[in-house]
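One structure is given here, and the rest of the page talks about it.
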Amino acid sequence: MEDMLFYDRVQFAFTITFHYIFPQLTMGLSLMIVYFKWKFLRTELVKYNDAAKFFMKIFAINFTMGVVTGIPMEFQFGTNWAKFSELTGSIIGQTLAMEGMFSFFLESSFLALFIFGEKLMGQKLHFLTGVLVFIGSWASGYLILATNAWMQHPVGYEILDNGKFVLTNFSNLFSNPWLLPAFLHNQVASLLTSAVVVASIGAFYLLRNTHLAHGKLFVKTGVVFGFIASVLLAFPTGDWNAKNVAKYQPAAFAAMEGIFHTEEAGAEIVLVGQPNMVEKKLDNKIAVPNVLSFLTYQKWDKQIPGMDQFDESELPDNIPALYYSYHIMVGLGTIFIAILGFSLFFLWRKKLFTLRPLLWVLLCLVPFPYIANLTGWYVAELGRQPYLVYGLLRTSDGISPTVSSGNTLFTLLGFIALYLLLGLLFLLLVGKTIHGGPQPKKH
Amino acid sequence: MELFWYCIIAIVLAVFFVLDGYDFGTGIIHLFYAKKEEDKVVIAKSAGLFWDANEVWLVVAGGMLFMAFPTYYASVFSGFYLPLIMVLWLIIFRAIGLELRGHFKARMWTSIWDKSFGVSSLLLALFFGIALGNIVRGVNLGGVENNSSVYEAHYFFLPLWNSSFSPKGIHPGVIDWFTIVIGLIAVVTLAIHGANWIVLKTNSSINEQLKNVVFNANLMLLGGTIFSLFIWHNINPQPFSNFINYPWLMIFPVIYLLGIIGLFYVKRFKREASAFICSTAVIVGGISSSLASMFPKILPSTNSINESLTIYNTATGEYGLSVALNWVIIGFILVIGYLIVQKRLLSGKIDHMDYGH
Numbered sequence: 001m002e003d004m005l006f007y008d009r010v011q012f013a014f015t016i017t018f019h020y021i022f023p024q025l026t027m028g029l030s031l032m033i034v035y036f037k038w039k040f041l042r043t044e045l046v047k048y049n050d051a052a053k054f055f056m057k058i059f060a061i062n063f064t065m066g067v068v069t070g071i072p073m074e075f076q077f078g079t080n081w082a083k084f085s086e087l088t089g090s091i092i093g094q095t096l097a098m099e100g101m102f103s104f105f106l107e108s109s110f111l112a113l114f115i116f117g118e119k120l121m122g123q124k125l126h127f128l129t130g131v132l133v134f135i136g137s138w139a140s141g142y143l144i145l146a147t148n149a150w151m152q153h154p155v156g157y158e159i160l161d162n163g164k165f166v167l168t169n170f171s172n173l174f175s176n177p178w179l180l181p182a183f184l185h186n187q188v189a190s191l192l193t194s195a196v197v198v199a200s201i202g203a204f205y206l207l208r209n210t211h212l213a214h215g216k217l218f219v220k221t222g223v224v225f226g227f228i229a230s231v232l233l234a235f236p237t238g239d240w241n242a243k244n245v246a247k248y249q250p251a252a253f254a255a256m257e258g259i260f261h262t263e264e265a266g267a268e269i270v271l272v273g274q275p276n277m278v279e280k281k282l283d284n285k286i287a288v289p290n291v292l293s294f295l296t297y298q299k300w301d302k303q304i305p306g307m308d309q310f311d312e313s314e315l316p317d318n319i320p321a322l323y324y325s326y327h328i329m330v331g332l333g334t335i336f337i338a339i340l341g342f343s344l345f346f347l348w349r350k351k352l353f354t355l356r357p358l359l360w361v362l363l364c365l366v367p368f369p370y371i372a373n374l375t376g377w378y379v380a381e382l383g384r385q386p387y388l389v390y391g392l393l394r395t396s397d398g399i400s401p402t403v404s405s406g407n408t409l410f411t412l413l414g415f416i417a418l419y420l421l422l423g424l425l426f427l428l429l430v431g432k433t434i435h436g437g438p439q440p441k442k443h
Numbered sequence: 444m445e446l447f448w449y450c451i452i453a454i455v456l457a458v459f460f461v462l463d464g465y466d467f468g469t470g471i472i473h474l475f476y477a478k479k480e481e482d483k484v485v486i487a488k489s490a491g492l493f494w495d496a497n498e499v500w501l502v503v504a505g506g507m508l509f510m511a512f513p514t515y516y517a518s519v520f521s522g523f524y525l526p527l528i529m530v531l532w533l534i535i536f537r538a539i540g541l542e543l544r545g546h547f548k549a550r551m552w553t554s555i556w557d558k559s560f561g562v563s564s565l566l567l568a569l570f571f572g573i574a575l576g577n578i579v580r581g582v583n584l585g586g587v588e589n590n591s592s593v594y595e596a597h598y599f600f601l602p603l604w605n606s607s608f609s610p611k612g613i614h615p616g617v618i619d620w621f622t623i624v625i626g627l628i629a630v631v632t633l634a635i636h637g638a639n640w641i642v643l644k645t646n647s648s649i650n651e652q653l654k655n656v657v658f659n660a661n662l663m664l665l666g667g668t669i670f671s672l673f674i675w676h677n678i679n680p681q682p683f684s685n686f687i688n689y690p691w692l693m694i695f696p697v698i699y700l701l702g703i704i705g706l707f708y709v710k711r712f713k714r715e716a717s718a719f720i721c722s723t724a725v726i727v728g729g730i731s732s733s734l735a736s737m738f739p740k741i742l743p744s745t746n747s748i749n750e751s752l753t754i755y756n757t758a759t760g761e762y763g764l765s766v767a768l769n770w771v772i773i774g775f776i777l778v779i780g781y782l783i784v785q786k787r788l789l790s791g792k793i794d795h796m797d798y799g800h
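Protein chains in written order, with the working numbering: chain A, 1 to 443; chain B, 444 to 800.
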């Protein structure tokens, strides 16, 4: 039984991690493509149209990867988490089915038109199809977040005698207090990833001394979008989410902040330190007293319950992983504000395009928003443990009763091999597209 | 309300098999009949432009099944664990085959992705047929051993095959000689459908040859169908009782049969769309006849201890089903709108459309 739970969780974690590399780019990038296309309509400068079409190529590669790695996510609810599906399908099936109906149809229909239809439709309609792709991809994010919000903070349900959750109020799924902050935080984070990708491709061209006009446009747009996104990530969206966790999942809050013991006169904020699960303390801790109480409740001496206040069975089952995920996310978020803020300053002083060290930093920044996005999701998912539906359905009670661990290990190994291949092909194609450059080939 | 959602999901699934079915069929034809590079390019393109929009129907069917019949979704997806995950892998290979071939011109590159597209399309058609065979034949619900259930009554786990490949008895495997026959019928049907699609959407040099292929494959389809009904009659004591009790259900087998008859005229049709409409009738008629023959069961039990899964004992609560009705109607109106826009802009032969890469 323990084995089965372990392999099911590893397989889900692995496949969702790999999957979420792609949508986090496409959601943000679709907005930036709409921006480029809009600028082209306003200014009629052809470099904006080149940018829109160039990033649509990158978008298309990511979209394909997102589709093929996304279908296994929907199916895995049934294959590996059958009990969870049986008990909660009435509710999370709503939002998942709506995602297909309202998002995937829109996205896939109009993506083909955006890619193939520029000459057929004229510029204004082409812009419109771009907007529809953007709406489709954000609708997908919204409905997935609505699904996840219900698992984090269940609302609008009733539990029958046989343990099944049934929906009693549809609109509650969308007025869930967990949903809006999580959605905004997630979308801004996705915008950050795409902005850093745009800026780093621009920096690459400038450093290599090719495609200079486009390179400057990419760096400028990426830095401006990226800086705005990085600030919004911290405040108000990050702050709002942290307060939600403190309010609705206090055990997860204590674990992610690394508070082992309750301090009477206000909680400190931990900057670094390694959780020591044997002695129930942080090793090598650097912390600032009372700041966490202030940030969370705007009161320096507000008491925040530490992990000692909760029963062992209510605490997340992997506290160090949760703690590190959270601190990596927050640490990177702070670094993004600093780097992008510097870049914006030098952009304003008109020195950024020749400041090679900073261009190098922007180029090398590209993996880090991905890491921050993924660790952010780990915080949400590890923090929800040991539950699938917070407080109501334990993770260990959600797995398929008939699938043996040997079968799951077999498919896990298959997914690892297949996704390794997909990852290599993805890098090859994106590399080729970047190498090909944003200017249309002359016939 | 259960009946209503059953019909909606059946329609969505049928649309999936009609639309993505031609992509699978195109892959099968591509694998066996496309020899010249121009033909390979254009045939792959006739599927490559549309596969992702077509696949959405599968995702939507899955989502609706999850929402409306969660017990069924949980039971079937976990019970057919290995074949389902393999279908996911094949879907990935099919997609990357189509998407990657155009990125480099080198022979080694294009030929490996052509094979990836063709072989996985062939296997997907086979697997979907086998899946239909399994659903019709039934499974050992509850995993009954020695007259007692090992699992809860609505769960099961099927091995890929049992020692005798026999569909009889209470311990069938996923692959037996009945489901294999249904799988082969699906391959032939979708190959016909794909060939019709290629003739409709392209000017490939093998269009005339494909009409012969369709004619011959149609003979195999007719033979296979009759053969499968004999086997079916042998396994199941009362296979056609629904059609006898509710004669109007005969409309579904009639649609199937009309499709097959129509396909024999493939070489004389003046409009290229006619043959495609006939193979669409075969797919829709085949799926609806199979479902109608079992109704209201959606997964029969092969043992006498646990009752079959029906639309009534697997559905969710009334409130969820009726509230979802509101958004599904809005959703379908939007989807029809998209299809009209898309049809207007991407209609006709696709040979000279700019592929963008």
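For glycine and all other residues, C-beta sits at the position ideal for the given N, C-alpha and C.
Status (buried if at least 16 other CB within 10 Å, exposed otherwise) for residue i
{"i": "Pro19(A)", "result": "Note on residue identity: the sequence assigns His, not Pro, to residue 19(A). So His19(A) counts as buried."}
{"i": "Met256(A)", "result": "buried"}
{"i": "His211(A)", "result": "buried"}
{"i": "His261(A)", "result": "exposed"}
{"i": "Ser489(B)", "result": "buried"}
{"i": "Phe204(A)", "result": "buried"}
{"i": "Asp495(B)", "result": "buried"}
{"i": "Gly306(A)", "result": "buried"}
{"i": "Arg9(A)", "result": "buried"}
Residue i - containing alpha helix (DSSP H), residue span
{"i": "Asp301(A)", "result": "Neither: Asp301(A) is in no alpha helix (DSSP H) and is coded neither H nor E."}
{"i": "Ala251(A)", "result": "Pro250 to Glu257"}
{"i": "Pro275(A)", "result": "Element bounds for Pro275(A): not the alpha helix (DSSP H) but the beta strand (DSSP E), Ile269 to Asn276."}
{"i": "Glu761(B)", "result": "Glu761 to Leu788"}
{"i": "Val587(B)", "result": "Segment: none, Val587(B) is in no alpha helix (DSSP H) and carries neither H nor E."}
Proximity winner among the options, relative to residue i (alpha-carbon distances)
{"i": "Ala515(A)", "options": "Phe114(A), Lys299(A) and Val219(A)", "result": "Missing from the structure shown is residue 515(A); chain A here goes from 1 to 443 and no further."}
{"i": "Leu653(B)", "options": "Thr469(B), Ala453(B) and Ile452(B)", "result": "Thr469(B)"}
{"i": "Gly774(B)", "options": "Gly66(A), Val10(A) and Thr95(A)", "result": "Thr95(A)"}
{"i": "Leu315(A)", "options": "Thr375(A), Lys281(A), Phe342(A) and Tyr387(A)", "result": "Tyr387(A)"}
{"i": "Lys432(A)", "options": "Phe84(A), Lys57(A), Gln24(A) and Ala52(A)", "result": "Lys57(A)"}
{"i": "Phe353(A)", "options": "Gly226(A), Arg208(A) and Ala246(A)", "result": "Arg208(A)"}
{"i": "Ser733(B)", "options": "Leu575(B), His636(B) and Ile451(B)", "result": "Leu575(B)"}
{"i": "Phe227(A)", "options": "Ser190(A), Leu206(A) and Gly258(A)", "result": "Ser190(A)"}
Start-to-end residues for the beta strand (DSSP E) that takes in residue i
{"i": "Lys432(A)", "result": "Where Lys432(A) is concerned, there is no enclosing beta strand (DSSP E), although the alpha helix (DSSP H) it sits in stretches over Ser405 to Gly436."}
{"i": "Ile33(A)", "result": "Looking at the DSSP string, Ile33(A) is not in any beta strand (DSSP E); the run it does join, the alpha helix (DSSP H), is Pro23 to Thr43."}
{"i": "Lys285(A)", "result": "Lys281 to Val288"}
{"i": "Tyr387(A)", "result": "Tyr387 to Val389"}
For residue j and residue i, the rounded distance between their alpha carbons
{"i": "Val155(A)", "j": "Leu365(A)", "result": "39 Å"}
{"i": "Leu541(B)", "j": "Ile754(B)", "result": "37 Å"}
{"i": "Gln76(A)", "j": "Gly89(A)", "result": "13 Å"}
{"i": "Phe600(B)", "j": "Ala517(B)", "result": "12 Å"}
{"i": "Thr69(A)", "j": "Asp50(A)", "result": "29 Å"}
{"i": "Pro369(A)", "j": "Asn497(B)", "result": "32 Å"}
{"i": "Asn381(A)", "j": "Asp317(A)", "result": "Looking at the sequence shown, residue 381(A) is not Asn but Glu. Cα to Cα, Glu381(A) sits roughly 11 Å from Asp317(A)."}
{"i": "Asn639(B)", "j": "Cys721(B)", "result": "9 Å"}
{"i": "Asp397(A)", "j": "Phe523(B)", "result": "20 Å"}
{"i": "Thr757(B)", "j": "Ile748(B)", "result": "17 Å"}
{"i": "Ser731(B)", "j": "Asp466(B)", "result": "21 Å"}
{"i": "Gln249(A)", "j": "Asn241(A)", "result": "11 Å"}
{"i": "Gly702(B)", "j": "Gly491(B)", "result": "26 Å"}
{"i": "Val499(B)", "j": "Gly506(B)", "result": "10 Å"}
{"i": "Leu429(A)", "j": "Ile555(B)", "result": "16 Å"}
Chain-ordered chain D contacts of residue i [CB-CB under 7 Å]
{"i": "Gln94(A)", "result": "The structure shown contains no chain D; its protein chains are A and B."}
Please list the residues of the region 276-295 of chain A that have a C-beta atom closer than 9 Å to any C-beta atom in chain B, keeping them in chain order. none
Closer than 8 Å between beta carbons: that is the criterion. Which residues of the region 564-590 of chain B meet it against chain A? Gly586
Members of the region 405-418 of chain A near chain B, C-beta cut-off 9 Å: Asn407, Thr408, Phe410, Thr411, Gly414, Phe415 and Leu418
Quick one, which residues of the region 128-154 of chain A are near chain B if we go by CB-CB under 7 Å, in chain order? none
Scan the region 109-123 of chain A for residues whose Cβ lies nearer than 8 Å to a Cβ of chain B and list them as they occur along the chain. Ser109, Phe110, Leu111, Ala112, Leu113, Ile115, Phe116, Gly117, Lys119, Leu120 and Met121
What residues in the region 605-635 of chain B bring their beta carbon closer than 9 Å to a beta carbon of chain A? none
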